[in-house]
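All residue numbers for the sequence shown refer to the numbering used here, where the first residue is 3 and numbers rise by one. Here a beta-carbon is modelled for each residue, glycine too, at the ideal position from N, C-alpha and C. What follows is a single structure, written as structure tokens, with notes after it.
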Amino acid sequence: MVGSGSAGAIVASRLADTGAHVVLLEAGRNDDTRLTRIPGMITMVHTVPQFKAKVAWKQYSVPQKFAHDRRIPMTRGKVLGGSSSINGMLFVRGNRANYDGWAAEGCSGWSYDEVLPAFKRLENWQDGASDVRGEGGPIQVTRQRDLTGAARSFMTAAAQTLAAPVIEDYNGPDQEGISIFQQSVSGGIRYSSAQGYLRRGRPGLTVVVGAHVARVAIERGRATGVEILTGTGRRVIRAEQEVIVSGGTMGSPHILLLSGIGPAEQLREHGIDVAANLPVGQNLHDHLFVPMTYLMKSAVHKGTPLHFASGFLREQRRPGSSWFGRTVFEACGFVRTSFAKDIPDMQIHTLPWSYPVPNQDEDKLHRVDTRPALTIFPTLIYPHSRGELRLASADPLDSPLIDPAYLSDPVDTEFLLEGIAMIREIMAHRSIAGGVDGEFAPGDSFRDPLAMRRELPTRVHSVYHPVGTCRMGTDERAVVDPQLRVRGIDGLRVADASIMPNVTGGNTNAPSYMIGEMCAKLLGA
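Have a look at this one:
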């Protein structure tokens, strides 16, 4: 197993439970740190470069042509549990139509009804089991609680402005509506894949941290092991059965390309022998949001050292009792814009804090306004833009060239501009407007539609949900088949968000967990 992320840890543990001998290789460190265990530490990981460097890859996009040539952070976990150890812990399955769409494109076995048992198997939902929810699984799933007054006012205003229902469970029968976020958190503990699946030791599972995989070893068209970099050089770990790559949307295609699996012309440019000519690295796409911050006393929280320290100390005395023991996000919405067809096409996140302005591109400590504020993120969940990941060199320690091609399709710009207008309409509603002391960001300077259009490329930001670079399917655009087997190479599979043909409608961690469970099932676990 290459990679211990959201899917990889699950596959490894499920296989080990069958009695198989599994070696799980992780390039990063162990997750025995407060940075990953305590939910509220996400604020430190994503804002303090010294902390971020301990548990995340330092990677950026190439200059984005349609976003003022910005090099946008491509943050992902470099630690046991991968990105599930450093993300916002928001538990969103997506819309059932997403999976039915995969199946309609040729991914047999991946319709909603077919992936539902995997979702149910992995979760322990606080409301208990039902036809669509699971109980007793390794991942604790709870509702965010103790919402600020600002978040509750927003829920009321959004429901009335958009004529959307307030719903109890967006992971239930119908996603559409305004709701409280669900989180992979319980008792003040983050339930990453490492926490849920690796905490209990298994005789057949060997976990190796600090193991950077250089390539998959391929002999006569079959994966026979992996070559890793160590302090004393390179060595090969042999696989008796299969090699499963679970390095994530950036890591998995990078490893395949270094192994000679990818576009033949690109591989030859870097002196790599071609083992399989496949479109590895293509179909890269991601969710985008635009932070909109409103000064509101009812948002309560202040971005000050004293406020953070008090939350941390309270959490130490009684785990799970403070905002530090939960996700920092509160309310959400899955709603329709004028671009929608059959399902909601915009997600809304709310955060009771100010947000860095205008973006977080620079590798530095970003200062935010310290007044209580509610930040709302209109989010593009079905982007039209498609990019690509390519090799920078044949050196496995060189970061690949990551080009999500944000806003390259004009429809994405029009969508986000409409989303911004929708949020402004909500915040002007009588049920919340009285508690708003002003729009801090983007602010009154960008009320004019033309000014906002010019400013948008400076404000958009990745939600850190990249997918698609090892696309699953049955046509010439596919890298893996519906059994997750790499086309043209025996004994090699990919299991992570890179296999998604199209991104799911919402945060991608829960679907990545599901992919891990599905891969384990395909392997008989």
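>> By DSSP's criteria, M294 is part of a beta bridge. Which residues make up the other side?
In response: Beta-bridge pairing links M294 to I378.
>> Taking the alpha carbon of G5 as the reference point, which residue from D344, S324, E390, T251 has its own alpha carbon closest?
In response: The candidate whose alpha carbon is nearest that of G5 is T251.
> Which residues mark the beginning and the end of the beta strand (DSSP E) in which D207 is found?
Replying inline: The displayed chain sequence assigns Leu, not Asp, to residue 207. Looking at the DSSP string, the run of the beta strand (DSSP E) that includes L207 is 207-211.
> Can you list, in chain order, the stretches of the beta strand (DSSP E) that have 3 or more residues and sit fully within the stretch 28-54?
Replying inline: You should have found no qualifying run.
> S85 and S8 look like a contact to me (Cβ under 8 Å); what is the Cβ gap, rounded to whole Å?
Replying inline: Contact annotation, S85 with S8: C-beta distance approximately 6 Å; criterion of less than 8 Å satisfied.
>> I'd like the list of long-range same chain contacts for V210, defined as Cβ closer than 6 Å, with 5 residues on each side in sequence excluded.
In response: L27.
> Are three or more beta carbon pairs between the stretch 157-164 and the stretch 125-143 nearer than 8 Å?
Replying inline: Pairwise C-beta distances place the stretch 157-164 out of contact with the stretch 125-143, as fewer than three of them are shorter than 8 Å.
> For V47, which of V168, V81, R240, S323 has the nearest alpha-carbon?
Replying inline: For V47, the nearest C-alpha among the options comes from V81.
>> Please classify Q184 as buried or exposed, where buried requires at least 16 other C-beta atoms within 10 Å of its C-beta.
In response: Under the 10 Å beta carbon count, Q184 is surrounded by 16 or more other beta carbons and is classified as buried.
>> Quick test of your reading: V465 and A499, contact by CB under 8 Å. State the CB separation rounded to the nearest angstrom.
In response: Actually they are not in contact, since the Cβ atoms of V465 and A499 sit about 12 Å apart, beyond 8 Å.
>> Less than 8 Å between the C-beta atoms of V13 and G508, yes or no?
In response: Not in contact: V13 and G508 (Cβ atoms no closer than 8 Å).
>> I want to know whether the stretch 433-452 touches the stretch 236-246 - three or more CB-CB distances under 8 Å.
In response: A contact is defined here as three or more CB-CB pairs under 8 Å, and the stretch 433-452 fails this definition with respect to the stretch 236-246.
> What span of residues does the alpha helix (DSSP H) with E390 cover, start to end?
Replying inline: Premise fails: E390 lies in the beta strand (DSSP E), 389-392, not in any alpha helix (DSSP H).
>> Does T550 come out as helix, strand or coil in the three-state DSSP assignment?
In response: Residue 550 is absent from the structure shown; the chain starts at 3 and stops at 527.
> For the stretch 413-480, which segments carrying the beta strand (DSSP E) assignment without a break, of at least 3 residues, lie completely within its bounds, in sequence order?
Replying inline: Taking only runs of at least 3 residues, the beta strand (DSSP E) segments lying wholly in the stretch 413-480 are 441-443.
>> Nearest by alpha-carbon distance to P41: which of R455, R31, F310, S401 is it?
In response: The residue with the shortest Cα to Cα distance from P41 is F310.
> For A153, which option in P513, C334, P398, V462 has the closest C-alpha, if you only look at C-alpha atoms?
Replying inline: That would be C334, whose Cα lies nearest to the Cα of A153.
> Where does G223 land, buried or exposed, given buried means 16+ other C-beta within 10 angstroms?
Replying inline: Exposed, since its Cβ has fewer than 16 Cβ neighbours within 10 Å.
>> Please return the same chain residues whose Cβ sits closer than 7 Å to the Cβ of M298, not counting the five positions on each side in sequence.
In response: Excluding sequence neighbours, M298 sits near A152, P374, A375, L376, G437, V438, D439.
>> To the nearest angstrom, how far is the alpha carbon of L391 from that of P255?
In response: A direct Cα-Cα distance of roughly 8 Å separates L391 from P255.
> Is the distance from the Cβ of G421 to the Cβ of P380 below 8 Å?
Replying inline: Contact flag set, yes.
> What first and last residue would you give for the beta strand (DSSP E) that runs through W325?
Replying inline: From DSSP, W325 is part of no beta strand (DSSP E); its letter is neither H nor E.
>> Under DSSP, the alpha helix (DSSP H) around N89 begins and ends at which residues?
In response: No alpha helix (DSSP H) contains N89, which DSSP labels as neither H nor E.
> Rounded to a whole number of angstroms, what is the C-alpha to C-alpha distance between H351 and R237?
Replying inline: For H351 and R237, the distance between alpha carbons rounds to 45 Å.
> Under the three-state reduction of DSSP, which class applies to C521: helix, strand or coil?
Replying inline: Note: C521 maps to helix in three-state DSSP.
> Counting pairs of beta carbons, one from the stretch 67-80 and one from the stretch 477-497, are three or more of them closer than 8 Å?
Replying inline: No: fewer than three Cβ pairs fall under 8 Å.
> alpha helix (DSSP H) containing I220: first to last residue?
Replying inline: Per DSSP, I220 is not a residue of any alpha helix (DSSP H); the beta strand (DSSP E) it occupies stretches across 214-221.
> Which residue's Cα is closest to the Cα of Q66: L207, G475, P459, R495?
Replying inline: When each option's Cα is compared against that of Q66, the closest is P459.
>> Helix, strand or coil, according to DSSP, for N361 in the structure here?
In response: Note: N361 maps to coil in three-state DSSP.
> Within the chosen definition, does the stretch 382-396 reach the stretch 279-289 through at least 3 CB pairs nearer than 8 Å?
Replying inline: At 8 Å Cβ cutoff, the stretches touch.
>> Is the separation between the beta-carbon of I345 and that of N89 shorter than 8 Å?
In response: Result no, Cβ atoms of I345 and N89 do not sit closer than 8 Å.
> Roughly how many angstroms lie between the CA atoms of D400 and A394, to the nearest whole one?
Replying inline: When rounded, the distance between both Cα atoms is 7 Å.
>> Quick check: what's the CA-CA separation for T339 versus E221?
In response: When rounded, the distance between both Cα atoms is 51 Å.
> Can you tell me whether DSSP reads H351 as helix, strand or coil?
Replying inline: H351 falls in the strand class under three-state DSSP.
> Apart from the five residues on each side of it in sequence, which residues of its chain come closer than 6 Å, Cβ to Cβ, to M520?
Replying inline: Here the set comprises A120.
>> Please tell me whether A453 and P293 are closer than 8 Å, where the distance is taken between their beta carbons.
In response: Between A453 and P293, the CB-CB gap reaches or exceeds 8 Å.
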